[in-house]
Each structure stands twice: as C-alpha cells, then as structure tokens.
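All remarks here apply to the structure that follows.
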Amino acid sequence: VGLHRPHPPFDPPARCFDALRSAPLPPVAVGDWVDDVEPATRSHVGGRHARIPDHRLEEVRRAYFASVMHVDEQVGRLVAALKASGLDRNTWIIVTSDHGEFLGDHHLFHKFMPLEPAARIPLVVRPPAGSAFDRAGSVSDAPVLLTDVMPTILDLASVTPPAGLDGVSLPRELLPPDARSAARRMLHIEHHGGLGAFQCLCDGRVKYIRDGISGREWHFDLVQDPAELHDLSAETDLSGFRERLVAILRPRDDGLVVGGQLATGVRVSPTAEWVRSSAREVT
Numbered sequence: 085v086g087l088h089r090p091h092p093p094f095d096p097p098a099r100c101f102d103a104l105r106s107a108p109l110p111p112v113a114v115g116d117w118v119d120d121v122e123p124a125t126r127s128h129v130g131g132r133h134a135r136i137p138d139h140r141l142e143e144v145r146r147a148y149f150a151s152v153m154h155v156d157e158q159v160g161r162l163v164a165a166l167k168a169s170g171l172d173r174n175t176w177i178i179v180t181s182d183h184g185e186f187l188g189d190h191h192l193f194h195k196f197m198p199l200e201p202a203a204r205i206p207l208v209v210r211p212p213a214g215s216a217f218d219r220a221g222s223v224s225d226a227p228v229l230l231t232d233v234m235p236t237i238l239d240l241a242s243v244t245p246p247a248g249l250d251g252v253s254l255p256r257e258l259l260p261p262d263a264r265s266a267a268r269r270m271l272h273i274e275h276h277g278g279l280g281a282f283q284c285l286c287d288g289r290v291k292y293i294r295d296g297i298s299g300r301e302w303h304f305d306l307v308q309d310p311a312e313l314h315d316l317s318a319e320t321d322l323s324g325f326r327e328r329l330v331a332i333l334r335p336r337d338d339g340l341v342v343g344g345q346l347a348t349g350v351r352v353s354p355t356a357e358w359v360r361s362s363a364r365e366v367t
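Everything in the sequence shown is counted per our numbering, starting at 85 for the first residue and increasing by one.
And the structure:
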C-alpha cells in the first residue's frame with residue numbers, strides 16, 4: 085500500500101486540521117550554525133531555504149501533522165480489515181517512508197540535507213500475533229536504512245536474499261536489546277542535487293556530513309544534541325570520518341575522490357548523471 089501523504093502540498097482533511105488546531109507543537113530547531121552556512125548550501129531556489137512569519141509556519145506545521153494523522157487512520161483501517169479477515173495471524177506489517185520534512189527547522193524546507201528532520205524516518209514493524217518476534221511496544225534505537233527492508237522481507241519469507249546487497253536483514257533488530265550485538269552500524273547516506281552534494285556517515289549517535297560542492301563539514305553528537313543545534317566540526321578531529329568516506333567512495337570511480345582525497349566543487353556525480361541518462365533512454 086503506497087500513501088502519497090504526508091507530502092507537499094499539505095492538504096489534510098479539514099477535520100484532521102481542526103482536531104490539531106490547538107494542539108501543542110514540537111519546537112522548531114534552529115542550529116547555531118545556520119547563519120554560517122556557505123552560499124552554495126543556502127540556496128533559495130525552490131523555497132528550500134526561507135524564513136516565513138511565525139503564524140504561517142505554525143499553520144504549515146499543523147497541516148503536515150494533520151496529514152500524518154490522516155495516514156495513521158488509513159493504516160488503522162488496513163489493520164482492522166486484516167483482523168476482521170483473520171489474515172493478521174500470518175501477516176507482517178511494515179510502515180516506513182522515503183524521507184522526512186524540515187518544516188522550517190534550520191530555516192529549511194523539504195528534504196535537501198541529511199539532517200535528522202529529513203533523514204530520520206519511521207520504521208514500524210508489526211509481526212503476526214504469536215510470532216517469536218512479537219515484542220509489542222518495544223523500541224530499538226539501532227540505525228537502519230530503507231535498503232534493509234527488502235532483505236528483511238525476503239528473510240522473513242524464508243527466501244535467501246541475493247548477494248551483494250547494500251542492506252541487511254533486520255529480524256535480529258526486532259529482538260530485545262540484550263539479544264543483540266553491541267556493535268553499531270555506520271550508515272552511509274548521500275544526496276546529490278538540491279542544496280548541495282552531501283555525503284553523510286551516521287551510527288545513530290554521531291553524524292558527519294560533508295558538502296562536496298563547498299567542502300563544508302558538520303559534526304553532531306546526536307545523544308547530547310538530537311536536534312543538531314550545535315556543529316562540533318571545528319572542535320573535532322574529522323580525519324577518521326574522511327578516511328572512511330574515501331574508502332566507501334573510491335571504488336565507485338565517479339569523481340568524488342581525487343588523488344585519495346575527497347573532491348571539492350563536485351555538484352553532481354557522474355553516477356547520478358548516468359542514472360538520469362539511463363532513465364531518459366528507458367522512457
């Protein structure tokens with residue numbers, strides 16, 4: 085089941101918007117690094133970076149959360165239908181999304197940087213009733229990727245995932261914390277286009293971001309600063325992150341690593357251009 089909302093335009097049913105009209109909203113996060121961002125990163129094109137009046141921003145945010153409320157109702161209808169038919173006894177339900185929304189956080193909108201409002205998305209898993217994985221209400225803070233969803237589904241269906249996938253099967257992550265390894269994955273995230281050409285490393289506790297256009301770097305302690313209000317890049321040795329990113333990107337040979345170093349001034353990688361060219365050929 086694919087639901088388009090929550091997504092611009094924010095046009096929830098009026099009853100959902102009215103239900104949240106007086107509800108308290110989470111604070112808007114504005115980092116102490118926002119005014120220091122390089123011009124290449126602070127693009128105003130397409131409304132990606134803007135400061136709008138408080139009353140208008142509040143209205144936008146309420147409309148977004150009302151859209152989430154509406155989607156939640158639709159998922160509830162699906163679950164109710166599965167229960168009514170008895171199919172809930174052998175059906176796994178996985179609820180996730182492709183990206184989040186900034187909603188004015190750091191004076192940004194849409195999804196164009198790998199900061200938490202855009203990159204941290206839900207992954208809600210409901211096993212069949214009575215399943216060995218049934219841990220109702222349990223929460224894991226282990227970092228995962230959308231590429232993990234396909235091998236997870238195959239594994240649950242007793243199908244061996246093909247070799248060479250970027251993602252991994254997650255059933256172990258659905259078990260209680262004491263049944264999991266203490267090791268944490270360092271996830272690699274990238275986004276070309278929009279505000280910049282971003283590379284990101286994150287293990288759920290720390291995050292390193294680099295803009296390949298300007299060379300600007302960010303470093304956040306997500307445990308002490310989950311809203312990414314304070315950039316620690318000037319106070320931290322980032323060489324380990326750079327070396328790890330070089331090791332990830334060098335085998336691709338797409339111009340993001342030159343002479344063993346991370347390249348600067350790279351707006352769009354040749355890989356991304358190849359994908360667009362292939363898409364044009366297909367159409």
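No residue lacks a Cβ here, since even glycine has one placed at the ideal position from N, Cα and C.
Exercise for the section: Please report how far the alpha carbon of Leu285 lies from the alpha carbon of Ser224, in whole angstroms. Expected result: Rounded to whole angstroms, Leu285 to Ser224 spans 19 angstroms at the Cα level.
Practice task
Please report how far the alpha carbon of Ile205 lies from the alpha carbon of Ser169, in whole angstroms.
Solution key: Each residue's Cα considered, the two are about 30 angstroms apart.
Problem - Nearest residue (CA-CA) to Val290, options Val209, Gly324 and Phe149 - result: Gly324
Handout entry: Delimiting residues of the beta strand (DSSP E) encompassing Lys291
Key = Per DSSP, Lys291 is one residue of the beta strand (DSSP E) stretching across Val290 to Asp295.
Problem - Continuous beta strand (DSSP E) stretch holding Phe99: start and end - result: Per the sequence presented here, residue 99 reads as Arg, with Phe not at that position. It is not in any beta strand (DSSP E) - Arg99 instead sits in the alpha helix (DSSP H) that spans Ala98 to Ala103.
Exercise for the section: Report yes if the C-beta distance between Ala113 and Leu313 is below 8 angstroms; otherwise report no. Expected result: Yes.
Practice task
Can you check the region 295-338 for any beta strand (DSSP E) of at least 3 residues that lies completely inside it and give the ranges in chain order?
Solution key: 301-305
Exercise for the section: State the Cα-Cα distance for the pair Pro123 and Gly299, rounded to the nearest angstrom. Expected result: With a pLDDT of 48 at Pro123, under the threshold of 50, the predicted position of this residue should be treated as unreliable, and no value is reported.
Exercise for the section: Could I get the ranges of all uninterrupted alpha helix (DSSP H) runs contained in the region 165-239, with 4 residues as the minimum, in chain order? Expected result: 200-203
Handout entry: Sub-8 angstroms separation of Arg294 and Leu340 beta-carbons
Key = no
Handout entry: Candidates Trp117, Val85, Phe149 and Leu87, of which the one nearest Arg446 by Cα
Key = Given a span of 85 to 367 for the chain in the structure shown, any question on residue 446 remains unanswerable.
Exercise for the section: Can you grab the Cα-Cα spacing for the pair Arg132 / His91, in whole Å? Expected result: Roughly 14 angstroms separates the two Cα atoms.
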